[in-house]
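Residue numbers (our numbering): -9 to 138. Below is one structure, written out as structure tokens; comments come after it.
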């Protein structure tokens, strides 16, 4: 029996500019049908971030040299923003939640970034408690694996 198109995962590869960090994400929908978000925080605005996440998707990350990967935390400290210290690229944010490690991916670090054509919804998470933020990450971010 053939799978329906929506049940076939769409794989997208990418990483940082220098090649130290590599990522692969799987999403249930085609890039043109995938919702994007742009966080309104100063970090994301400064980096021009467009993120993608789908709780039924998957995120995997590798690094040639993990000592050149910075886990930057700010604000509530509930997520690690994964940055390459060699080239400065922000590739993803990961958070440990009650349902395991979860991630959002920076679409701009994907090889096929131009296929993600939706206008990002501007999000404002100010006022969330730590518990609310972690619950949102657990419910809406992708299951993640870091190959360390």
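Note that the Cβ used here is the ideal one computed from N, Cα and C, for glycine as well.
Under the assumption that residue i contacts residue j (Cβ atoms under 8 Å), give the Cβ distance between them as a whole number of angstroms.
i: residue 74; j: residue 6; result: 4 Å
i: residue 82; j: residue 96; result: 6 Å
i: residue 12; j: residue 106; result: Contact doesn't hold; Cβ gap of about 18 Å is too wide.
Which residues share a DSSP beta bridge with residue i?
i: residue 17; result: 0
i: residue 133; result: 92
i: residue 59; result: 74
i: residue 5; result: 12
In three-state DSSP terms, what is residue i?
i: residue 162; result: Since the first residue shown for the chain is -9 and the last is 138, residue 162 is missing from the structure and cannot be characterised.
i: residue 34; result: helix
i: residue 126; result: helix
i: residue 26; result: coil
i: residue 104; result: helix
i: residue 97; result: helix
i: residue 39; result: coil
Could one say the Cβ of residue i lies closer than 7 Å to chain B's Cβ atoms, at least one of them?
i: residue 127; result: Protein chains in the displayed structure number just one, and chain B is not present.
Cβ-heavy atom distance between residue i and the ligand FAD below 6 Å?
i: residue 122; result: You won't find the ligand FAD in this model; it holds no ligand whatsoever.
Touch check for the stretch 30 to 40 and the stretch 120 to 135: three-plus C-beta pairs under 8 Å? no
Three Cβ pairs or more, each shorter than 8 Å: is that satisfied between the stretch 86 to 95 and the stretch 55 to 66? no
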